[in-house]
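>
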Amino acid sequence: GDGKKLAKKDGAAEEYEYDDQGNLVICHLSSTRRVTLAEHNGTTLVSVREYYTKGDKEFPSAKGISLTIGQWKVLKNNAAAIDDAIQIFKSN
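Counting in my numbering, the sequence shown runs from 11 upward without gaps.
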């Protein structure tokens, strides 16, 4: 790699990793799902997307969601509420 480091978390790369489209891969959620940072029309997007393989390259599929930084912050700020709701949901 180029030596630049990301904060290490579960599933996160220790060095910057880019997909075949040049998007920064933050982490792999599974063998086919990734969280990436991408630029689209000058806007930075946090993308959670399924990938597929064609030939020897991997491509992002239409299955997924891209959040603006503002939407990402709303989701992140509600992480505790989501965790609480998961516990309530699991107990029912």
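Heads up, the beta-carbon is just placed ideally off N, CA and C, and yes, glycines get one too. Quantities reported herein were computed from a predicted structural model and do not represent experimental measurements.
Taking buried to mean at least 16 other C-beta atoms within 10 Å of its own C-beta, is I75 buried or exposed?
It counts as exposed.
> Give me the Cα-Cα distance between I92 and D29, rounded to the nearest whole angstrom.
Taking the straight line joining both Cα atoms gives about 29 Å.
> If you compare alpha carbons, which of S57, S71 and N88 is closest to L34?
Here the closest residue by C-alpha is S57.
> Going by the DSSP bridge assignment, what does Y62 pair with across the sheet?
In DSSP, Y62 forms a bridge with F69.
> In terms of DSSP beta bridges, what is L77 paired with?
Bridge partners of L77: V56.
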